[in-house]
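What follows is a set of notes on a single structure, which appears directly below.
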Amino acid sequence: MVCVKTPPTRSRRDHFCTSLEKEAWMYIMRNFSQLIGKSQELLELPLAELEAMIGADELNVKSEEIVWETVLKWIDFDPENRKPHIVELMKNIRLGLLETQFFLEKVKDHPYVARNEACRPVIIETLRFLYDLEMIAQKDGEVPTPEIARPRVPHDILFAIGGWSGGSPTSYIETYDTRADRWVRVEEVDPVGPRAYHGTAVVDFNIYVIGGFDGMDYFNSCRCFDAVRKTWHEVAPMNARRCYVSVAVLGTIIYAMGGYDGHHRQNTAEKYNYKKNQWTLIASMNVQRSDASATTLNDKIYITGGFNGQECMNSAEVYDPETNQWTMITAMRSRRSGVSCIAYHGCVYVLGGFNGISRMCSGEKYNPATNAWSHIPDMYNPRSNFAIEVIDDMIFAIGGFNGVTTIFHVECYDEKTNEWYEATDMNIYRSALSACVIMGLPNVYDYIHKHRERLMEEKRQKLLALESQRQHQGANIAVENANPLLANIHNDNDAEDQANNR
373 MVCVKTPPTR SRRDHFCTSL EKEAWMYIMR NFSQLIGKSQ ELLELPLAEL
423 EAMIGADELN VKSEEIVWET VLKWIDFDPE NRKPHIVELM KNIRLGLLET
473 QFFLEKVKDH PYVARNEACR PVIIETLRFL YDLEMIAQKD GEVPTPEIAR
523 PRVPHDILFA IGGWSGGSPT SYIETYDTRA DRWVRVEEVD PVGPRAYHGT
573 AVVDFNIYVI GGFDGMDYFN SCRCFDAVRK TWHEVAPMNA RRCYVSVAVL
623 GTIIYAMGGY DGHHRQNTAE KYNYKKNQWT LIASMNVQRS DASATTLNDK
673 IYITGGFNGQ ECMNSAEVYD PETNQWTMIT AMRSRRSGVS CIAYHGCVYV
723 LGGFNGISRM CSGEKYNPAT NAWSHIPDMY NPRSNFAIEV IDDMIFAIGG
773 FNGVTTIFHV ECYDEKTNEW YEATDMNIYR SALSACVIMG LPNVYDYIHK
823 HRERLMEEKR QKLLALESQR QHQGANIAVE NANPLLANIH NDNDAEDQAN
873 NR
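Heads up: the sequence shown is residues 373 to 874, going by our numbering.
Laid out in structure tokens, this is it:
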């Protein structure tokens, strides 16, 4: 149990902290959202220590609403003596990151704020920023990002590794900064070369890249990236070559299942012990599967869908490491090859894939307690051979193939609202990539968006580019409508292009 009173104020922390105090401080930063609901000691903190906490860039909160609610709890503990401190505390909240409606209804009109004249400058500054945010595309000159809108630092980093892009495999790596909603290129790519249709797994701060295909060879080789040292090295190869492999991690043991060796679809599976640097075969699956997807839930491994060489499959099975046995579970509602699945809130979520006719945007979830599948909302984009991960308590669907082209679109699903939201696109179009999340990286600053002060200007430039694109498209439509003959010529050319691309 970590005492919330342990951390010193910011100045003391910079100069006099012991390693134990720093460790306690980082524990609180990482677990702040959980601690505020359980710890009475948080309410007893002196003002300076609470300011240091909520003002820290490292504070791990999904939204600033949590920080605002923490401030209210602290004041409500001793309202008569603490109400005057609302101004100092508000200056440590990133008010510009709040939803406008929440700010207007919950912050601006709150009695502690509305009845305190000293809060007016803070309210005016935030209102001005929120208004400017709506009108940012109309601004002239560079728009800076004010302190009230500067994102905090994420504690979890999503890595998107390799894949197929521009007609060939790629070694490209980028990380996703959830707080800034930006993708960041990682320069330290694997010097051995690119791979696609591989799997990734995280143990500690190491990313294992397993199997795959480089356009010529089907790999049984495995590479390891140390995200702290930023170095690559080879680890023991698998017993079988596995392209279109399914990978999952249970504890510190990595599992690789199914795949394609260049000749046959596999039903074999194996596990890797990083301490021994050794792969060991486990029980084979009930059916052959490539292009499937696997995840871990309740100390078991679930594998879903895939392709058996003849058809896309809707079957799924579960592996129990205690008995070394695979068991078939209820089949999915749809056939899905190139599918992605992930454990989330006690269920196995399955998204997208190819049903033998088209790429899908549909999804379904499996409840182990009922052995039944149920529908979930569709994604915005149909996709197969894409990456999937859970970060910030949301499911992210990343890249993939939509039936026509590889895509760089990213979207996320939040079970609380039962809705999908668009996130910032990746830097490159790609499918057949793999994603993984590392938690608590000590060098997290190496993998986040560096120029946080330029986020507003980046948004302005993006909006200006979109507006220019819309105007250009509108001009083209106007020209075509003004000249029916020209429009017919374009239509004929489009039909010819489509025929050639089949």
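All residues carry an ideal CB built from backbone N, CA and C; glycine is no exception.
Minimum C-alpha distance to residue i - residue among the options
i      : options                           : result
Glu794 : Ile770, Val776, Arg802 and Glu787 : Ile770
Glu683 : Thr668, Val690 and Phe726         : Phe726
Asn611 : Phe597, Trp604, Ser593 and Gly623 : Ser593
Phe597 : Pro749, Glu606 and Arg824         : Glu606
Leu836 : Ala490, Ala521, Asn453 and Val515 : Val515
Cys733 : Tyr569, Tyr548, Phe773 and Val720 : Phe773
Val561 : His570, Tyr544, Gly571 and Val575 : Tyr544
Val581 : Trp698, Glu783, Ser803 and Arg567 : Arg567
Leu827 : Asp553, Asn432 and Leu530         : Asp553
Phe880 : Thr472, His747 and Pro483         : The first residue shown for the chain is 373 and the last is 874, placing residue 880 beyond what the model contains.
Phe474 : Glu436, Lys455 and Gln841         : Glu436
Leu669 : Cys719, Phe679 and Leu805         : Cys719
Trp604 : Ser709, Glu559 and Cys784         : Glu559
Ala666 : Ala744, Trp440, Tyr616 and Leu422 : Tyr616
Phe404 : Leu422, Leu392, Glu783 and Ser391 : Leu422
Ile625 : Asn639, Glu791 and Leu653         : Leu653
Arg824 : Asn686, Ala396 and Asp429         : Asp429
Pro456 : Arg487, Trp440, Thr442 and Asn432 : Arg487
Beta strand (DSSP E) segment containing residue i, residue limits
i      : result
Leu669 : Ser665 to Leu669
Glu689 : Ala688 to Asp692
Glu761 : Ala759 to Ile763
Ala403 : Correcting the residue type first, residue 403 is Asn in the shown sequence and not Ala. Where Asn403 is concerned, there is no enclosing beta strand (DSSP E), given that its DSSP letter is neither H nor E.
Arg454 : Careful: Arg454 lies outside any beta strand (DSSP E), inside the alpha helix (DSSP H) at Pro451 to Arg454.
Ala532 : Asp528 to Ile533
Ala486 : Segment Pro483 to Ala486 is the alpha helix (DSSP H) holding Ala486; no beta strand (DSSP E) there.
Ala807 : Ser806 to Met811
Met326 : Residue 326 lies beyond the stretch modelled for the chain, which goes from 373 to 874, so this question has no answer here.
Asn727 : Segment: none, Asn727 is in no beta strand (DSSP E) and carries neither H nor E.
Tyr674 : Lys672 to Thr676
Gly571 : Gly571 to Val575
Glu416 : Taken as a continuous stretch (DSSP letters only), Glu416 belongs to no beta strand (DSSP E), as it is neither H nor E.
Tyr580 : Asn578 to Ile582
Leu723 : Cys719 to Leu723
Beta-carbon separation (whole angstroms), residue i vs residue j, contact threshold 8 Å
i      : j      : result
Val711 : Gly681 : So it is not a contact: roughly 16 Å between Cβ atoms.
Ile714 : Ile767 : 6 Å
Met798 : Trp555 : 5 Å
Phe591 : Phe585 : 7 Å
Asn658 : Trp698 : 5 Å
Ser730 : Ile675 : Not confirmed; about 23 Å, so no contact.
His570 : Gly587 : Going by Cβ atoms, the distance from His570 to Gly587 rounds to 13 Å, so no, they are not a contact pair.
Gly735 : Ser756 : Contact doesn't hold; Cβ gap of about 13 Å is too wide.
Pro526 : Arg551 : 5 Å
Arg876 : Trp536 : The question about residue 876 has no answer here: the residues shown for the chain are numbered 373 through 874.
N- and C-terminal bounds of the alpha helix (DSSP H) containing residue i
i      : result
Val459 : Ile458 to Met462
Ile426 : Leu419 to Gly427
Val433 : No alpha helix (DSSP H) holds Val433; DSSP gives it neither H nor E.
Ala741 : Careful: Ala741 lies outside any alpha helix (DSSP H) and carries neither H nor E.
Closer than 8 Å: residue i CB and nearest the ligand FAD heavy atom
i      : result
Pro456 : You won't find the ligand FAD in this model; it holds no ligand whatsoever.
message: Going residue by residue through the stretch 766-801, where are the continuous beta strand (DSSP E) segments of at least 3 residues, counting only ones entirely within it?
response: 766-773, 778-786 and 791-795
- prompt: If we count Cβ pairs, one from each stretch, closer than 8 Å, do we get three or more for the stretch 649-668 versus the stretch 631-640?
  reply: yes
field: Start-end ranges of the beta strand (DSSP E) lying completely within the stretch 613-670, minimum 3 residues
entry: 618-622, 625-629, 641-645, 650-654 and 665-669
task: Quick one: which unbroken beta strand (DSSP E) runs of 3-plus residues sit fully inside the stretch 538-567? Chain order, please.
output: 545-549 and 554-558
message: Check whether the stretch 517-526 and the stretch 465-477 touch, using three or more Cβ-Cβ pairs below 8 Å as the test.
response: yes
message: Contact between the stretch 750-762 and the stretch 699-707 is defined here as three or more beta-carbon pairs at a separation below 8 Å; is this criterion met?
response: no
query: Counting Cβ pairs closer than 8 Å, one from the stretch 526-542 and one from the stretch 476-484, do we hit at least three?
result: no
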